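K.L.:
Chains as they are written, first to last, in the numbering used here: chain A, 1 to 113; chain B, 1 to 114.
For every residue, glycine included, the Cβ atom is placed at its ideal position computed from N, Cα and C.
In this text, all values refer to a predicted model and were calculated from it rather than measured experimentally.
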């Protein structure tokens with residue numbers, strides 16, 4: 001079955017440092033990946049996505065890296081700020097699963113001022 | 001553009017009662033999804049509507065859950081009768097296109113079954 005998981009359930013970083021959140025997936029046919037940020041009391045918010053024909057994509061202070069060989073996804077946040085504190089979810093979809101999204105359990109990021 | 005909205009934000013009911021959750025997707029989004037997150041676990045897919053039709057309901061836990069989307073606009077998810085294990089946060093999401101298209105999430109409904 002599908003398995004999308006994160007290596008660490010919690011992560012604490014100092015303000016200004018870079019953060020790296022990791023995610024593993026098991027479906028080699030997955031072709032679309034999204035990182036979501038969920039703040040307390042809110043629904044998941046889209047951060048950045050990447051398709052399987054790419055291995056890196058950059059946004060504003062965020063970078064997603066995709067390693068299809070080992071089925072690993074990571075989210076890098078540069079110069080982490082207190083407002084980055086949230087739970088981060090990776091999600092993946094594939095044509096052979098009806099394009100529904102499978103989510104990881106989430107990593108809780110705490111930024112220490 | 002208004003986002004996905006959900007009602008109520010919280011619901012506390014007793015085991016055996018009925019609860020109906022509502023989701024209003026972003027206008028123009030044909031695709032509507034229901035997800036659930038049980039405490040500390042991953043967000044799990046429940047079902048997917050394309051307009052008023054159920055495209056995929058493989059994630060629905062059992063026949064106590066009934067989702068509808070009459071008219072292809074808003075959707076309701078009814079749990080009847082509710083059980084303790086139904087407690088969690090129910091998210092709704094919508095997207096314009098199926099598949100590789102970003103899904104926009106609502107704030108969720110936190111359901112507590114006592």
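With DSSP run on the structure shown, which of helix, strand or coil describes residue 56(B)?
P.N.:
Residue 56(B): strand per DSSP, three-state reduction.
K.L.:
Within its chain, find whatever has a CB closer than 8 Å to the CB of residue 103(B); leave out the 5 residues flanking it on each side and keep chain order.
P.N.:
So the qualifying residues of the chain are 31, 33, 93, 94, 95.
K.L.:
Just the chain A side, please: which residues come within less than 7 Å of residue 41(B) by C-beta, in chain order?
P.N.:
By Cβ distance, chain A contributes 105.
K.L.:
What residues are listed by DSSP as bridge partners for residue 78(B)?
P.N.:
In the DSSP output, where bridge partners are listed per residue, residue 78(B) has 20(B), 66(B).
K.L.:
In whole angstroms, give me the CA-to-CA distance for residue 87(A) and residue 38(B).
P.N.:
In a straight line, the C-alpha of residue 87(A) is about 15 Å away from that of residue 38(B).
K.L.:
Under the criterion of a Cβ to heavy atom distance below 7 Å, does residue 10(A) qualify as lining the ligand FMN?
P.N.:
In the structure on display, the ligand FMN does not appear, and there are no ligands present to speak of.
K.L.:
Suppose the cutoff is 6 Å on Cβ atoms and the five residues either side in sequence are ignored; what does the same chain contact list for residue 78(A) look like?
P.N.:
Closer than 6 Å at Cβ, skipping near neighbours: 18, 61.
K.L.:
Give the single residue among 75(A), 95(A), 109(A), 94(A) whose Cα lies nearest to the Cα of residue 23(A).
P.N.:
It is 75(A) whose Cα lies nearest to the Cα of residue 23(A).
K.L.:
Does any residue of chain A bring its CB to less than 8 Å from the CB of residue 74(B)?
P.N.:
No, because no Cβ of chain A sits closer than 8 Å to the Cβ of residue 74(B).
K.L.:
Among 87(B), 4(B), 63(B), which has the Cα closest to the Cα of residue 12(B)?
P.N.:
With distances taken between Cα atoms, residue 12(B) lies closest to 87(B).
K.L.:
Excluding five sequence neighbours on each side, which residues of the same chain lie with their C-beta closer than 6 Å to the C-beta of residue 37(A)?
P.N.:
Cβ neighbours of residue 37(A) beyond the five flanking positions: 45, 47, 86, 88.
K.L.:
Looking at the secondary structure, which residues open and close the beta strand (DSSP E) in which residue 49(A) lies?
P.N.:
Note, residue 49(A): beta strand (DSSP E), 45–51.
K.L.:
When DSSP builds the beta bridges, which residues end up paired with residue 100(A)?
P.N.:
Answer is none; residue 100(A) lacks a bridge partner.
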